[in-house]
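Colleague: Sharing a structure here in structure tokens format.
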Amino acid sequence: MRKTFKLQVEGKHPDRVLDAIKHELRKYLKRQRRVPLPAGVDYWDFDCKFGASQETAEAVHLAEVIVRLDAAAAQGDGQCFVEILGKNGHRRARPAVDATADAAGGLRDDHEGD
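Residue numbering for the sequence shown follows our numbering, starting at 868 and increasing by one per position.
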């Protein structure tokens, strides 16, 4: 999804316009996450960009898109550009906890003696 949204539309309350934009973004994400995953893929990840225009857009985390949208609306910007592209996501294995350190008391409960 690559789209420039108008934040100020004549005849519409700015809060309702902002709500409609957020709804459209969330609806796109929900629809994209329903697409069947290719083989070897764990989840859908997203590359996102946000800015006043397509030329000035910078890469942001998915969780930051709504926050930046709120900030742009609060500043009174007339429009904003949002790009959200789905990509394959792969989970990384967590490092294994050393079982011998736990048995030897290497990891202790902070609530001992309570």
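C-beta: ideal position from N, C-alpha, C; glycine also.
Computed from a predicted model, the values in this text were never measured in an experiment.
By how many angstroms is the C-alpha of L892 removed from the C-alpha of R958?
Modeller: Their backbone Cα atoms lie some 24 Å apart in a straight line.
Colleague: Taking C-alpha atoms, which residue in A940, K916, A941 and Q921 lies nearest to L929?
Modeller: Comparing Cα-Cα distances from L929 to each of A940, K916, A941 and Q921, the minimum goes to K916.
Colleague: With a cut-off of 8 Å, does the C-beta of K897 fall near any C-beta of chain C?
Modeller: Among the chains in the structure shown there is no chain C, since it carries only a single protein chain.
Colleague: When the Cβ atoms of the segment 934-947 are set against those of the segment 904-913, are three or more pairs found closer than 8 Å?
Modeller: No, the segment 934-947 does not touch the segment 904-913.
Colleague: If you check the beta carbons only, do Q946 and A926 fall under 8 Å apart?
Modeller: Their beta carbons are not under 8 Å apart, which means Q946 does not touch A926 by this criterion.
Colleague: How far does the alpha helix (DSSP H) with A926 in it reach, from first residue to last?
Modeller: Per DSSP, A926 belongs to no alpha helix (DSSP H); it is in the beta strand (DSSP E), E925 to V927.
Colleague: Restricting to runs no shorter than 4 residues, where is the alpha helix (DSSP H) found entirely within the segment 878-963?
Modeller: Whole alpha helix (DSSP H) segments, 4+ residues: 881-900 and 929-942.
Colleague: For G932, count neighbouring C-beta atoms within 10 Å of its own C-beta (all shown protein chains included) and say buried if the count is 16 or more, exposed if not.
Modeller: It is worth fixing the name first, because residue 932 is Val in this sequence and not Gly. Buried is the call here.
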